[in-house]
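Taken in sequence, the protein lines are chains U and Z.
FYI, the numbering for the first sequence is 1 to 341, going by our numbering.
FYI, the numbering for the second sequence is 342 to 682, going by our numbering.
Think of the CB as a built atom: it goes at the ideal place given N, C-alpha and C, for glycine as much as any other residue.
Note sheet for the following structure.
Protein chains: 2
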Amino acid sequence: MQHKKKKGGVTIKDIAMEAGISYATVSRALNNRPGVKKATRSRVLEVSKRLGYYPNAAARSLVTSQTRALALVIPDITNPFFPEVARGVEETVSKADYNVFLCNTNWDGHKELSFLALFESRRIDGLILASSNDDGAIAEKFAQTGVPLVVISSFERDIGCHQVIVDNVWGGYLAGRHLLEHGYDRIAFIGGLAGARATTERFSGFEKALAGAGLKADPGLCLYGSFTWESGYRNALKLLALERRPNAIFAANDLLAMGIMQAADELGLSISDDLALIGFDDIGFASYPRICLTTIAQPKKKLGEAAAEIILADLGSERKEAARKIVLTPELVIRRSCGCY
Amino acid sequence: MQHKKKKGGVTIKDIAMEAGISYATVSRALNNRPGVKKATRSRVLEVSKRLGYYPNAAARSLVTSQTRALALVIPDITNPFFPEVARGVEETVSKADYNVFLCNTNWDGHKELSFLALFESRRIDGLILASSNDDGAIAEKFAQTGVPLVVISSFERDIGCHQVIVDNVWGGYLAGRHLLEHGYDRIAFIGGLAGARATTERFSGFEKALAGAGLKADPGLCLYGSFTWESGYRNALKLLALERRPNAIFAANDLLAMGIMQAADELGLSISDDLALIGFDDIGFASYPRICLTTIAQPKKKLGEAAAEIILADLGSERKEAARKIVLTPELVIRRSCGCY
DNA sequence: AACAATTTTGTAAACGTTTACAAAACAGAT
DNA sequence: ATCTGTTTTGTAAACGTTTACAAAATTGTT
Chain U
1 MQHKKKKGGV TIKDIAMEAG ISYATVSRAL NNRPGVKKAT RSRVLEVSKR LGYYPNAAAR
61 SLVTSQTRAL ALVIPDITNP FFPEVARGVE ETVSKADYNV FLCNTNWDGH KELSFLALFE
121 SRRIDGLILA SSNDDGAIAE KFAQTGVPLV VISSFERDIG CHQVIVDNVW GGYLAGRHLL
181 EHGYDRIAFI GGLAGARATT ERFSGFEKAL AGAGLKADPG LCLYGSFTWE SGYRNALKLL
241 ALERRPNAIF AANDLLAMGI MQAADELGLS ISDDLALIGF DDIGFASYPR ICLTTIAQPK
301 KKLGEAAAEI ILADLGSERK EAARKIVLTP ELVIRRSCGC Y
Chain Z
342 MQHKKKKGGV TIKDIAMEAG ISYATVSRAL NNRPGVKKAT RSRVLEVSKR LGYYPNAAAR
402 SLVTSQTRAL ALVIPDITNP FFPEVARGVE ETVSKADYNV FLCNTNWDGH KELSFLALFE
462 SRRIDGLILA SSNDDGAIAE KFAQTGVPLV VISSFERDIG CHQVIVDNVW GGYLAGRHLL
522 EHGYDRIAFI GGLAGARATT ERFSGFEKAL AGAGLKADPG LCLYGSFTWE SGYRNALKLL
582 ALERRPNAIF AANDLLAMGI MQAADELGLS ISDDLALIGF DDIGFASYPR ICLTTIAQPK
642 KKLGEAAAEI ILADLGSERK EAARKIVLTP ELVIRRSCGC Y
């Protein structure tokens, strides 16, 4: 008859007992603290290995008040963009022995906010936030917790925390300019969430490009919804049913673009011949031959890595770090959908 | 001049002080333990809210020896199959106030094993494992830790832990049978990792279907690699360069199938007319109009949910639960790629 | 008003670490 | 052998909870 719970594993005291020394010394040996005799240290190491000792993270946290855990908040694990970012984060921080709680919000501000309790309770050491909410209210709440925070989305007002973003305006500009160069005169814009920075910034770059050509965006050709392909599909259907339908569309992300493709396909319209299309993100599937989506590529993994490095640096330093802001530059990658070939 | 670290937040003692009672009572009130006066309880709640109290998870873990943290190990966060599973897990366990560490192994057995230290150290309460390694060696090591473990992949030998799997053999059979019904006589198989259960089981179902028609799988038409689309692409290229090339292919997952499509496209071969194709998983993109991949659909989210529920049940019960095994049934979903339309 | 029974509260120990400080062991010099 | 200085080790407190047990307060009964 065995107990279900081993009720705690091997502790530092067991090692001390076995090695015939005090547990303070064991702690020192295990943590490579100075002032412990070589012979003792190796004996401790030997015993600890033999007994199968693993330090109890909770106990350690309690006294050091750091958990070596981070949280990464993303709005949609189902959008290939975010797993890529997550990978960048995870790989970087794991090298420094940090682990990450992946928090998926499903674009739900309430759920996002509800993670606050998690962070507070678990006393995570740092937080990387890709907010679904763009007025910065939630981010500000997170910032108030005092843990190092880096946001990988931008906000209207300055939150005063680290920031790693890609230059959405520039990306939008690139897209607009490229479409213009092709001579399209009725260029539509399909955004994600209305008011979301990813939408508005990309749009403003797009507008800038139009302005450069002496044009203005036609409000009737600018539709919004959410960052899903269903939304792109529905809005494209509307746009393409128009009397004078657009001959080019800039989509605020690739998922939207794929929805647009779908709509065009169904209507028998040829993407690139009848309708030029540019997306944003460069998710893996964009390069797929059957898709060949021209898009504004974001350095996804890099984004995660940069955010992780900032957190790590902040965690490593004693003083409070000044808020850093890193702006990554997106690039136009030309495939078929824009009608270039 | 402010200190960087707040060095611990509001504690139970602060509340006790403020409310003028002992901290044991505060603890009881906060945890809804019986035997605390209604008035006291509400006062505690009020004070705790006013002070912004969050229980310290580490301290709590230390005494209760449970962390309310689970780990989910997956081999490839970049394969849309797994985020879907992850979502099922996360949504289910979060309702019971558990959080999850997402551990991505990149199909690397070493990395997978290295997570062991994490689990031991963090004393996670439970573990859901989609192993990249199929002989069960790693899973067995995980099982030895004594924490409730549910694997969502199958192994050659019986590991003696909970298991939630989909019937790969049946899935393979469905695929083979469907292809056979179409009259294809040279059916190839492109697997993922050779020897991986996902590969071998799906293949064995496929063989069974062939056998039912008095046929045998042609070893020359069965290629292996990894579960990525690049691998599918490369192997398809080989297959399609054959003198007597196959007229149908069963791919062990959708990513592979998409690679195969790509190869066919490049060679000017029509999927469905010149080459029938069936995948496995039913990732989101399979239903995309430009893909229209006929595939064996796995209940991805369900898989995660079921695994999570088992863990939760195990965690909830006092005695050691008998190992449960849940087998989910995959389904054939017919789209274009198999030549049905 | 006193007692028993019950409800509510408080005290203290425990969980497994880290770390300041004190104590002991050792080395080298006399 | 003794002393000094250094290295190594040990003791004890602390981190923030939970919880068994003891103590106190409250209630009901007579």
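Neighbour flag for residue i against chain Z, beta carbons, 8 Å
i: U:Ile-291; result: yes
i: U:Met-261; result: yes
i: U:Ser-121; result: yes
i: U:Tyr-98; result: no
i: U:Asn-56; result: yes
i: U:Asn-104; result: yes
i: U:Tyr-173; result: no
i: U:Leu-149; result: no
i: U:Phe-280; result: no
i: U:Asp-265; result: yes
i: U:Phe-227; result: no
i: U:Met-1; result: Because the pLDDT of U:Met-1 is 32, which lies under 50, any placement of that residue in the model is unreliable, and the number read from its coordinates should be weighed accordingly. Not closer than 8 Å to any Cβ of chain Z, the Cβ of U:Met-1 fails to qualify, so no.
i: U:Glu-305; result: no
i: U:Ile-77; result: yes
i: U:Glu-46; result: no
Proximity test, Cβ basis, 8 Å: residue i and chain U
i: Z:Leu-459; result: yes
i: Z:Glu-425; result: yes
i: Z:Glu-481; result: no
i: Z:Phe-422; result: no
i: Z:Asp-615; result: no
i: Z:Ala-400; result: yes
i: Z:Lys-347; result: In this prediction, Z:Lys-347 has a pLDDT of 45, which is less than 50 and means its spatial position is unreliable; nothing more can be read from the coordinates.
i: Z:Met-358; result: no
Beta-bridge pairing of residue i - partner residues as DSSP gives them
i: Z:Phe-530; result: Z:Cys-563 and Z:Phe-591
i: U:Gln-163; result: U:Val-151 and U:Lys-325
i: Z:Asn-445; result: Z:Ile-415
i: U:Glu-331; result: U:Ala-297
i: Z:Phe-456; result: Partner(s): none; Z:Phe-456 has no beta bridge.
i: U:Gly-126; result: U:Leu-70
i: U:Asn-99; result: U:Ala-69
i: U:Leu-275; result: U:Ile-271
i: Z:Asp-622; result: Z:Ala-638
Under 8 Å between C-beta atoms of residue i and residue j
i: Z:Val-530; j: Z:Leu-490; result: The residue you asked about is not Val; residue 530 of chain Z is Phe in the sequence shown. Going by C-beta atoms, Z:Phe-530 is not nearer than 8 Å to Z:Leu-490.
i: U:Thr-295; j: U:Asp-265; result: no
i: U:Gly-136; j: U:Arg-157; result: yes
i: U:Ala-248; j: U:Tyr-184; result: yes
i: U:Leu-256; j: U:Gly-232; result: yes
i: Z:Ala-627; j: Z:Leu-634; result: yes
i: U:Pro-299; j: Z:Ile-418; result: no
i: Z:Ile-667; j: Z:Ala-647; result: yes
i: U:Ser-131; j: U:Ser-153; result: yes
i: U:Gly-109; j: U:Ile-138; result: yes
i: U:Leu-242; j: U:Ile-260; result: no
i: Z:Leu-644; j: Z:Val-426; result: yes
i: Z:Pro-416; j: Z:Gly-625; result: no
i: Z:Ala-558; j: Z:Phe-568; result: no
i: U:Val-166; j: U:Leu-328; result: yes
i: Z:Ser-402; j: U:Ala-58; result: yes
i: U:Val-100; j: U:Leu-70; result: yes
Residue i, buried or exposed, once every other Cβ within 10 Å from all chains shown has been counted against 16
i: U:Gly-279; result: buried
i: Z:Thr-446; result: buried
i: Z:Glu-461; result: buried
i: U:Asn-168; result: buried
i: Z:Asp-438; result: exposed
i: U:Arg-123; result: buried
i: U:Arg-87; result: buried
i: U:Glu-230; result: exposed
i: U:Cys-340; result: exposed
i: U:Gln-144; result: exposed
i: U:Leu-171; result: The sequence as given places Gly at residue 171 of chain U; Leu does not occur at that position. Buried, since its Cβ has 16 or more Cβ neighbours within 10 Å.
Near the ligand ATP: residue i beta-carbon under 7 Å from a heavy atom
i: U:Ala-143; result: By its list of ligands, the structure shown contains no ligand whatsoever, and the ligand ATP lies outside what it can speak to.
Query raised in the report: If we count Cβ pairs, one from each stretch, closer than 8 Å, do we get three or more for the stretch 170-181 of chain U versus the stretch 319-336 of chain U?
Result: yes
Report task. Flag this pair as touching only if the stretch 9-27 of chain U and the stretch 47-65 of chain U have three or more C-beta atom pairs under 8 Å; answer yes or no. Result -> yes
Requested in this report: Indicate whether the contact test is met: 3 or more Cβ pairs, each with one atom in the stretch 378-394 of chain Z and one in the stretch 356-370 of chain Z, closer than 8 Å.
Outcome: Contact holds: three or more Cβ-Cβ distances are below 8 Å.
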